[in-house]
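Notes for the one structure printed next.
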Ligand code: THU
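Below, the structure written as structure tokens:
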């Protein structure tokens, strides 16, 4: 799946659209995410908070789980949109690594869906943990 600027911008817009449905009554911090898989299909998700704070699901993990549930296990790019254009938290980086390659792009966007920064997942999370069964 070859990435173009048009595709990147569209992914950022879809991430921002997903943020509209964020369930964030506690932090009020809405996040949306959209992942592009190697099939060319896009899957989106938002953060889903919980009264028991630690059970909160981040948008990136929701979008990834939606893609995997649809049989898409190879992430070409992931866009994450929020008010402050935040980059994925550490836990999400490790979850993304499970389905990413060296080239998987992380697109950090505003809530308007404007691309603010582009970085590879391996830059965000060097020396990722990989399970090696003995
Ligand atoms: N959040 C995400 O959805 N993704 C991140 O990478 C960082 C944080 C959410 C979790 C919580 O609902 C809110 O942002 C504030 O932490």
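Numbering (my numbering), first residue to last: 48 to 181. We put the beta carbon where it would ideally sit given N, CA and C, even for glycine.
Annotation for residue 129: the continuous beta strand (DSSP E) segment containing it runs 122-129.
In this structure residue 110 is not in contact with residue 58, their Cβ atoms being roughly 10 Å apart against a cut-off of 8 Å. Within 7 Å of the C-beta of residue 133 there is at least one heavy atom belonging to the ligand THU. Shown here, residue 81 sits in a strand according to DSSP, grouped into three states. Less than 8 Å separates the beta-carbon of residue 113 from that of residue 92. For residue 58, the enclosing alpha helix (DSSP H) has its first and last residue at 52-66. Between the alpha carbons of residue 51 and residue 135 lies a gap of roughly 22 Å.
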